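K.L.:
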Amino acid sequence: MTSQAGMAFWDDTTKELLGWPEVLAMLQPLSKAGLRAKREMRPLLPHERMLWQERMDDLCAVRAALDEAAWAKELADGLRAVPEIGALLQLIGQGASLRQVDFFEVKQFLWQGFAVERLLSERGLSFPWWERLAWEELLRKLNPPGDLVPSFALAELTGDAGLVRLRKELALLDEAIFAEKKAQGDRLRERYGRKPGKDGQLIFDKLDGALGAVKQDGDLVLLQETMFEAVFQAAESAQMTVLLQQRETKLAEIEDQETAALQSLVEAFRPHAGAMLNALEALGRLDLTLAKATLAVKWASQAMSTDSFGAASDVLLDADAEHAASAWQNADGSWLLEGGFHPVARRAVEERGGDFTPLSLELTSGTGLITGPNMGGKTVVLKTLGLLQALAQHAMPVPARVFHFQPVERIGMSGGDEQSLQSGLSSFGAEMQRIAALVNAQGRALLLLDEVARTTNPEEGEALAIGLASYLLTTGHIALFASHFPGVTAVPGIQLFRVAGLKSGALDLLTQTNAPDDVLHRLHSAMDYTLLKSRPGDVPKDAVRLAECFGLPQAVLEQTRAVLQRKEGPTT
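Numbering (UniProt numbering), first residue to last: 1 to 572.
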């Protein structure tokens, strides 16, 4: 389910570019109610500070409680066992008929909910949205006299003496039927040395001398006769006929009694159906919060805050935090990120045996520009900032030591030609169409623009990038560019960053072999992905060195260096 708020906050293209589906899959509630709460999760907008703070307080409280491993496991087991009874509760609210198995599910819900509430009390956890049901009182309605048990049997309930009597009478009839069948089997075994099988049949060879007597036996009925054998079925005696008829009558009486008893239970629970639905929703919300806290532990998230949400606070999610929040005021409205990472990108790097470089960045309201070499990690910077912003506004943990942010009304990303195939436009046309849609939409946005105008001729592309950067500085949007165009660095007021690029002395390491896989592995080792503050005109020039690493002919490289030397002076 996608809420209207979620659709307005970002589109599917932005979600895909930021890696949201993969990261959201890491959030794993244990119950169906928790999964439903996850589906209904939406971004919280600038006017929803109080709601955001409440959810972050919940997250911090549950995160702190997870330090007790045995308690955390018991809570997870309890939530995992919560059945999905929303439809049953709606039927109860309507006074509809339920089956005995349905009330078993209701009792399981009450049993697990009661256990979860006791666990919360053990750790002193209390939430304003938690539905405080009369758990024990409701359980007693489905429990026999004595200690509470998780099982449910309608006949054992207080006040159902008639049903208990009928079931005892049914049991006596079943015993009599069994005894009658056994007596018949014993008689046949005494006569013929064997008794009917489970299907009640006996088979005799046509040459068997006893066949004539068998055909006259009142305990057997001939079913089928062939050239080789005769098949007999155990006959139903007059006594058995009476017993079976009595059993059918008794079953009908029991069914009538059970129907009446079940309807009485429906009426007993009907006034509580709404509160129980609220309790189911609360259990789902707790399950979702536990999933968030578990993810926070995995990511070792430590801080998140917001400026525009009023009295901003750093929400500490590390296990050693003494307080859930500490006062923080961001007067200049900057974004502060320390030690952040994109979980998907980090996993990919580590699976290759590399070390992921965490991202640190401070960005004030306005427009920022990132320059750096190809394969230098500029796109990852954009995706990381966008993903962390989305996580924060969904009141989720953030994979960073510190993340101070301002909430926005929209997030939008353009990755170049991602829509060209679907739209039938050229790469450049699709990119311009997308950027226009992102810039012209209503609401203050965080815009992430990767290599603007890279697919048209460089002169016009650079002019477009400069024009767009200059325009965005006059809007209320927050924008972060990634670009190779040096002219964009001279736009007045733009905040400049660059990826450090190839480490000093890395060229010798990179040119040891021309094996593409080996070069790629060593390239990642030789690249410094640290994001640094920059200055106008400071554009890394590692393209020639990278081309050499990948085996471009020396004649091409020499011509390239000659061209650059004529334009700019010597280059490495």
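From the three backbone atoms N, C-alpha and C, an ideal C-beta is built for every residue, glycine too. Predicted model only: the values in this text are computed from it and were never measured.
How would you write the range of the alpha helix (DSSP H) that Lys38 sits in, first residue to last?
P.N.:
First-last of the alpha helix (DSSP H) with Lys38: Lys32 to Arg39.
K.L.:
Please list, in chain order, all residues of the same chain as Tyr471 whose beta carbon is under 8 Å from its beta carbon, the five residues on each side excluded.
P.N.:
Once the five neighbours on either side are set aside, the close Cβ partners of Tyr471 are Val439.
K.L.:
Starting from Val62, trace the alpha helix (DSSP H) in both directions and tell me its first and last residue.
P.N.:
From DSSP, the alpha helix (DSSP H) with Val62 extends over Arg49 to Ala65.
K.L.:
For the alpha helix (DSSP H) that contains Ala252, what are its first and last residues?
P.N.:
Where Ala252 is concerned, the enclosing alpha helix (DSSP H) stretches over Ala238 to Phe269.
K.L.:
Thinking C-alpha only, which one of Val214, Cys60, Ala392 and Lys38 is nearest residue 581?
P.N.:
It is not possible to answer for residue 581, since the shown part of the chain is limited to 1 through 572.
K.L.:
How about Pro536 and Thr474: do their beta carbons lie closer than 8 Å?
P.N.:
It is not a contact, given that the beta carbons lie outside the stated cut-off.
K.L.:
For Lys533, write down the residues that DSSP places opposite it in a beta bridge.
P.N.:
BP columns for Lys533 point to Phe497.
K.L.:
By Cβ distance, which residues of its chain are closer than 6 Å to Leu557, with the 5 residues on each side in sequence left out?
P.N.:
Contacts found: Glu548.
K.L.:
Could you give the distance in angstroms between the alpha-carbon of Thr241 and the alpha-carbon of Glu255?
P.N.:
Computed Cα separation, rounded: 21 Å.
K.L.:
Who are the Cβ neighbours of Glu68 in its own chain at under 8 Å, not counting the five residues just before and after it?
P.N.:
Taken in chain order, the residues that qualify are Arg123.
K.L.:
With 16 as the cutoff for other CB atoms within 10 Å, does Trp10 come out buried or exposed?
P.N.:
It is buried - the Cβ of Trp10 has at least 16 other Cβ atoms within 10 Å.
K.L.:
Give the secondary structure of Trp71 by DSSP, where H, G and I count as helix, E and B as strand, and everything else as coil.
P.N.:
Helix, per DSSP.
K.L.:
By the DSSP assignment, the beta strand (DSSP E) with Ser470 in it spans what residues?
P.N.:
First-last for Ser470: Pro458 to Leu472, but that is the alpha helix (DSSP H), not the beta strand (DSSP E).
K.L.:
Quick test of the definition: if touching needs 3 or more C-beta pairs under 8 Å, does the stretch 36-51 touch the stretch 96-108?
P.N.:
Cβ pair count under 8 Å is below three, so no.
K.L.:
Between which two residues does the alpha helix (DSSP H) harbouring Thr289 extend?
P.N.:
Unbroken alpha helix (DSSP H) run through Thr289: Ala273 to Trp299.
K.L.:
Return the chain-ordered list of same chain residues with a C-beta closer than 6 Å to the C-beta of Asn143, the five sequence neighbours on each side being excluded.
P.N.:
Around Asn143: no qualifying Cβ.
K.L.:
If contacts are defined as beta-carbon pairs under 8 Å, then Leu75 and Leu290 qualify, I think. What distance do you get, rounded to the angstrom?
P.N.:
Between Leu290 and Leu75 the Cβ distance is about 7 Å, and since that is below 8 Å, they are a contact.
K.L.:
Look at Leu531 and Val381 and say whether their C-beta atoms are less than 8 Å apart.
P.N.:
For Leu531 and Val381, yes; Cβs fall inside 8 Å.
K.L.:
With 16 as the cutoff for other CB atoms within 10 Å, does Arg39 come out buried or exposed?
P.N.:
Arg39 is exposed by the Cβ-count criterion.
K.L.:
Which residues does DSSP pair with Ala204 in a beta bridge?
P.N.:
Here the sequence assigns Phe to residue 204, which means Ala is not the residue at that position. Answer by DSSP bridge pairing, in chain order: Ala230.
K.L.:
Counting Cβ pairs, one atom from each stretch, are 3 or more of them under 8 Å apart for the stretch 262-280 and the stretch 355-372?
P.N.:
The stretch 262-280, when compared against the stretch 355-372, does not touch it at the 8 Å Cβ threshold.
K.L.:
Whose CA, out of Glu459, Gly493 and Val408, lies closest to the CA of Leu446?
P.N.:
Among Glu459, Gly493 and Val408, the Cα nearest to that of Leu446 is on Val408.
K.L.:
Throw me the rounded Cβ distance for the Ala400 and Gly476 pair, which I believe falls under 8 Å.
P.N.:
Not really, about 25 Å apart at Cβ, beyond 8 Å.
K.L.:
Since Gln239 contacts Glu180 with CB under 8 Å, what's their CB separation in whole angstroms?
P.N.:
With 8 Å as the limit, Gln239 and Glu180 qualify as a contact, their Cβ atoms being about 6 Å apart.
K.L.:
Counting C-beta neighbours from all protein chains within 10 Å, is the total for Thr249 16 or more, i.e. buried, or is it exposed?
P.N.:
So Thr249 ends up on the exposed side.
K.L.:
If we ignore side chains and look at the alpha-carbon of each, how far apart do Ala176 and Leu265 end up?
P.N.:
Distance between the alpha carbons of Ala176 and Leu265: 33 Å.
K.L.:
Just to check my reading of the structure: Gly200 and Gln233 have Cβ atoms closer than 8 Å, yes? What is that Cβ distance to the nearest angstrom?
P.N.:
Between Gln233 and Gly200 the Cβ distance is about 6 Å, and since that is below 8 Å, they are a contact.
K.L.:
Buried or exposed, going by whether 16 or more other CB atoms sit within 10 Å of the CB of Pro553?
P.N.:
Exposed.
K.L.:
From the DSSP output, in three-state form, read off Ile478 for me.
P.N.:
Ile478 falls in the strand class under three-state DSSP.
K.L.:
To the nearest angstrom, how far is it from the Cα of Ala543 to the Cα of Gly551?
P.N.:
Taking the straight line joining both Cα atoms gives about 13 Å.
K.L.:
Should Leu337 and Leu359 be called a contact, given that it needs their Cβ atoms to be closer than 8 Å?
P.N.:
Contact: yes.
K.L.:
Got a sec: is the Cβ-Cβ distance from Gln257 to anything in chain B below 8 Å?
P.N.:
Of the chains in the structure shown, none is chain B; there is only one protein chain.
K.L.:
May I ask which residues mark the beginning and end of the alpha helix (DSSP H) holding Ser121?
P.N.:
Taken as a continuous stretch (DSSP letters only), the alpha helix (DSSP H) holding Ser121 covers Gln100 to Glu122.
K.L.:
Determine the DSSP secondary structure at Arg346, reduced to helix, strand or coil.
P.N.:
If DSSP states are grouped into helix, strand and coil, Arg346 belongs with the helices.
K.L.:
So Gly93 is in the alpha helix (DSSP H); what residue range does that whole segment cover?
P.N.:
Element bounds for Gly93: Gly86 to Gln94.
K.L.:
Where does Gly386 sit, in a helix, a strand or coil, going by DSSP?
P.N.:
Looking at Gly386 - three-state DSSP - the assignment turns out to be helix.
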